[in-house]
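Per the working numbering, the very first residue in the sequence shown carries number 122; after that it's consecutive. Just so it is clear, CB atoms sit at the ideal spot from N, CA and C, and this is done for glycine as well. Some notes on the structure that comes next.
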Amino acid sequence: MRIKIFHIFCYLFLATALIAGTHREKFQETYSFEKGSELIVDNTNGSVYVESWDRNEVRIEAEKVVKARSRRQAEEIMERVKIEIEQGRDYLKIRTKYPKRRGGFWNSLFGNRASIKVKYRIFVPKEAKIDISTVNGKVGVTDVTGSIRVKTTNGGIEVHGAKGSIEAKTTNGGINVELVEFEEDVEMSFRTTNGSIKVYFPENLRADVEARTTNGSVRTDFPIEVRGKFSKRRLKGKINGGGGRIVLHTTNGGIRILER
């Protein structure tokens, strides 16, 4: 009984210490941005959500969150968490700069190491091109019609209202995409390892499709002219005579090619 009580006390102590050492800081800036320019986001820990609006500007709203053993330490670490902005003629790059980390597990709880996240919400013109990279966090893009490239490792990917080419890649997370239009000369790539893939296409889809999973199944709402060997885990062929190339690969999860 004493051992059990001691364990409970330790867990409560650790949780209280982490909560007491939390510090948050807001970041907001707006930049001019021509239609068709590219937004580049390079993050490590934290989600990135992008949505369109009707201005030729990019508005960046970010929240930096630091958890350390004390509020004072969290504030000191926060001073070294930087959001760097680089603007060129046809691009805007946002980069999160984190302080270097050293030490082991216990040092992460009681030493100088801390938990750091930077979460972004960004507004862009509808025609913007998007290139997002993070490691630990979800990525979402809504109502952007330019080309979209998103990459994360631990997190899902959501894209809605898209029109241009899409490249979406994650390792631990699902991919959910909805396209309002599909142009025959574009290429699409959706890849994950541990997660399902679900993509909604317009009913007039014309495409060459290659879908493959190891532990799961492949299903489609569209009639398809199959090429080569067909199985529930692998599908290759033409939809409505063929067109743009669509590749969907996962290892642990199902693949759904659906009609809007």
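Give me the residue from the options with the minimum Cα distance to residue i.
i	options	result
residue 173	156, 164, 375, 240	156
residue 264	278, 248, 357, 194	248
residue 199	178, 145, 171, 289	145
residue 301	266, 311, 158	266
residue 241	179, 283, 142, 298	179
residue 268	161, 354, 148, 143	161
residue 288	194, 333, 270	270
residue 336	313, 203, 324	313
residue 110	218, 154, 348	For residue 110 there is no data in the structure shown, the boundaries of the chain being 122 and 381.
residue 220	191, 246, 187	187
residue 194	282, 236, 280, 259	236
residue 353	332, 255, 143	332
residue 175	246, 192, 143, 191	246
residue 294	275, 203, 343	275
residue 334	375, 321, 344	375
residue 358	310, 142, 327	327
In three-state DSSP terms, what is residue i?
i	result
residue 310	strand
residue 327	coil
residue 353	coil
residue 377	strand
residue 334	coil
residue 284	coil
residue 185	strand
residue 365	strand
residue 372	coil
residue 348	coil
residue 148	strand
residue 143	strand
residue 303	coil
Can you tell me whether residue i is buried or exposed, with buried defined as 16 or more other CB within 10 angstroms of its CB?
i	result
residue 329	buried
residue 152	exposed
residue 371	buried
residue 351	exposed
residue 250	buried
residue 377	buried
residue 317	buried
residue 291	buried
residue 319	buried
residue 325	exposed
residue 323	exposed
residue 416	The requested residue 416 does not occur in the structure, where the chain is confined to residues 122 to 381.
residue 286	buried
residue 278	buried
How big is the Cα-Cα spacing for residue i and residue j?
i	j	result
residue 238	residue 168	8 Å
residue 379	residue 261	20 Å
residue 209	residue 252	15 Å
residue 213	residue 356	39 Å
residue 366	residue 307	7 Å
residue 227	residue 201	For residue 227, the predicted structure reports a pLDDT of 34, less than 50, and the residue's modelled location is therefore unreliable. A value from the coordinates is still provided. Cα to Cα, residue 227 sits roughly 22 Å from residue 201.
residue 184	residue 164	12 Å
residue 297	residue 196	37 Å
residue 361	residue 284	19 Å
residue 217	residue 147	14 Å
residue 166	residue 189	15 Å
residue 305	residue 364	5 Å
Entirely enclosed beta strand (DSSP E) segments - the segment 190 to 270, minimum 3 residues: 203 to 208, 212 to 218, 236 to 246, 250 to 254, 260 to 263
Mind listing, in chain order, the continuous beta strand (DSSP E) runs of no fewer than 3 residues lying wholly within the segment 155 to 181? 159 to 163, 169 to 174
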